[in-house]
Amino acid sequence: MFRRLALPAALLAAVTVLGAAPVTTAAPTAPAAGSVCFWTGAGQHGTSWCYRPPGYTDVPESLHDKAASFRSDANTAVYAIDWARDTCYHRLIRAHDLADNWPWGARLDGVSDTTMGCEVG
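The sequence shown runs -20 to -1, 1 to 101 under mature numbering (1 follows the signal peptide of the UniProt record, and there is no 0).
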């Protein structure tokens, strides 16, 4: 009878240990060919989102004014856009460029394949 109880108790202990295991985050992956990816953390870590030209796209709220790094695998330049009061600013992101600590990301509102008529920022 002791053996019958020991096995379920051991199984319960194993499940409890596995359930308490820390969640690990996978290493950052390279952007898909032709896209530019932005991360909330330095060194391409944290929440990410990728833009693929052409056109303009607003960044998601998780990255709005909060991008800390980026990596481009696009074969063309794209522009980070900052919508300011009564004007806008753009920042060039060159083809195949990256920044592991990107201060301008604190201004990021959108991404485009053109300057959108914005001033250099």
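Virtual Cβ for every residue (Gly too), placed ideally from N, Cα, C.
**Request:** Would you mind listing the beta strand (DSSP E) stretches within the region 57 to 84 that are 3+ residues and don't spill past its ends, in chain order?
**Result:** At a cut-off of 3 residues, the continuous stretches assigned as beta strand (DSSP E) that sit fully inside the region 57 to 84 are 58 to 64 and 67 to 73.
**Prompt:** Per DSSP, Phe51 is paired with what?
**Reply:** In the sequence as displayed, the identity of residue 51 is Arg instead of Phe. Partner(s): Cys17 and Leu78.
**Prompt:** Taking the alpha-carbon positions, what's the Trp63 to Gly85 distance?
**Reply:** Near 13 Å, if we compare the C-alpha coordinates of Gly85 and Trp63.
**Message:** Buried or exposed, going by whether 16 or more other CB atoms sit within 10 Å of the CB of Arg65?
**Reply:** Counting the other CB atoms within 10 Å of its CB gives Arg65 a total below 16, which places it among the exposed residues.
**Request:** Starting from the C-beta of Thr20, find all residues in its chain whose C-beta is less than 8 Å away, skip the five residues before and the five after it, and write them out in chain order.
**Result:** Taken in chain order, the residues that qualify are Gly26, Thr27, Ser28, Ser42, Leu43, Lys46, Ala47 and Ala48.
**Prompt:** Are the beta-carbon atoms of Tyr36 and Ile61 separated by less than 9 Å?
**Reply:** Contact flag set, yes.
**Message:** Please identify the residue among Ala22, Val91 and Gly23 whose C-alpha is closest to the C-alpha of Pro34.
**Reply:** Looking at the Cα atoms, Val91 is the closest of the given residues.
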